[in-house]
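*Asks:* In my numbering, the protein residues as written are 9 to 177. A virtual CB, placed ideally from N, CA and C, is assigned to each residue, including glycine. What follows is a single structure, and I will ask about it in a moment.
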Ligand SMILES: CC(C)(COP(=O)(O)OP(=O)(O)OC[C@H]1O[C@@H](n2cnc3c(N)ncnc32)[C@H](O)[C@@H]1OP(=O)(O)O)[C@@H](O)C(=O)NCCC(=O)NCCS
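Here you go:
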């Protein structure tokens with residue numbers, strides 16, 4: 009993988025717990041676990057249902073990239089989605105870390121691993137819609153705010169982006 013964060017150490021262990029980061033194949037048990045986590049963290053608290061088809065269209069998800077972090081028991085504790093939107097552009101969605109695992113650096117590691125994975129596929133422009141409550145996480149990851157605050161799923165959001173300039177070989 010490209011070294012996009014030079015000098016970064018990459019501990020697999022957080023507070024004595026081993027964490028693995030990997031791609032999630034659509035249709036697997038890990039994918040089902042990611043759906044449950046996304047529902048639990050992002051939809052249930054705002055009175056929405058990921059599975060009822062009223063907002064989320066899960067039928068398209070086999071063409072998306074899914075990435076996850078797994079604890080030492082193989083339980084999914086964090087996940088994120090990438091949707092190709094143009095030749096070199098990808099939209100990142102539904103970044104979640106399970107309650108009890110937040111604020112321990114797991115989200116940051118997962119996000120960096122996912123960026124590196126997408127960069128290796130040739131994506132250079134990364135776009136996302138950040139909840140205002142979480143946008144500091146993306147600022148921390150080097151993303152910038154584009155335009156004004158807007159509403160999505162009844163919550164204030166910022167559109168944010170980050171562009172990687174390819175290094176000459
Ligand atoms: C937002 C979320 C993905 C961050 O993951 P995390 O594992 O908790 O975050 P990390 O511990 O890796 O934090 C990495 C850095 O971002 C900062 N950060 C994390 N969450 C933040 C937030 N909500 N606001 C501001 N900064 C935040 C941390 O302070 C840390 O800073 P540091 O590197 O200077 O120490 C996670 O808390 C979460 O799932 N929240 C609920 C769902 C949600 O809001 N998802 C985003 C939808 S757009």
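1. For the structure I just gave you, are there three or more beta carbon pairs, one from the region 118-138 and one from the region 92-102, closer than 8 Å?
2. How about residue 142: is its Cβ closer than 7 Å to a heavy atom in ligand 1?
3. Assuming residue 77 and residue 29 make a contact with CB atoms under 8 Å, what is their CB distance in whole Å?
4. Within the chosen definition, does the region 138-153 reach the region 35-49 through at least 3 CB pairs nearer than 8 Å?
5. For residue 103, which option in 90, 152, 40 and 39 has the closest C-alpha, if you only look at C-alpha atoms?
6. Between the beta-carbon of residue 45 and the beta-carbon of residue 87, is there less than 8 Å?
7. In or out: residue 74 buried (at least 16 other Cβ within 10 Å) or exposed?
8. I'd like the list of long-range same chain contacts for residue 9, defined as Cβ closer than 6 Å, with 5 residues on each side in sequence excluded.
9. Pull up the distance between the alpha-carbon of residue 114 and that of residue 26, whole angstroms please.
10. By DSSP's criteria, residue 152 is part of a beta bridge. Which residues make up the other side?
11. When DSSP builds the beta bridges, which residues end up paired with residue 4?
12. Report yes if the C-beta of residue 153 is less than 7 Å from at least one heavy atom of ligand 1; otherwise report no.
*Replies:* Quick answer:
1. yes
2. For the purposes of this step, residue 142 is taken as the residue at position 134 of the chain shown. Yes, Cβ of residue 142 sits closer than 7 Å to a heavy atom of ligand 1.
3. Within the chain shown, the letter at position 69 stands for residue 77. Within the chain shown, the letter at position 21 stands for residue 29. Yes, residue 77 and residue 29 are in contact; Cβ-Cβ is about 5 Å, under 8 Å.
4. no
5. Mapped onto the chain shown, residue 103 falls at position 95. Looking at the Cα atoms, 90 is the closest of the given residues.
6. Taking the first residue of the chain shown as position 1, residue 45 is located at position 37. Taking the first residue of the chain shown as position 1, residue 87 is located at position 79. Yes, the pair counts as a contact, with Cβ atoms nearer than the cut-off.
7. Within the chain shown, the letter at position 66 stands for residue 74. By the 16-neighbour rule on beta-carbons within 10 angstroms, residue 74 is buried.
8. If you number the chain shown from 1, residue 9 lands on position 1. For residue 9, the predicted model reports a pLDDT of 48, less than 50, meaning its position is unreliable; a value from the coordinates is still stated below. For residue 9, where only same-chain residues beyond five positions count, the Cβ hits under 6 Å are 124 and 128.
9. Numbered from its first residue, the chain shown carries residue 114 at position 106. Numbered from its first residue, the chain shown carries residue 26 at position 18. Their Cα atoms are separated by approximately 11 Å.
10. Indexing the chain shown from 1 puts residue 152 at position 144. Under DSSP, residue 152 shares a beta bridge with 169.
11. This structure leaves residue 4 out entirely; the chain is present only between 9 and 177.
12. Along the chain shown, read from residue 1 onward, the residue named residue 153 stands at position 145. Because no heavy atom of ligand 1 lies under 7 Å away, the Cβ of residue 153 does not count as near it: no.
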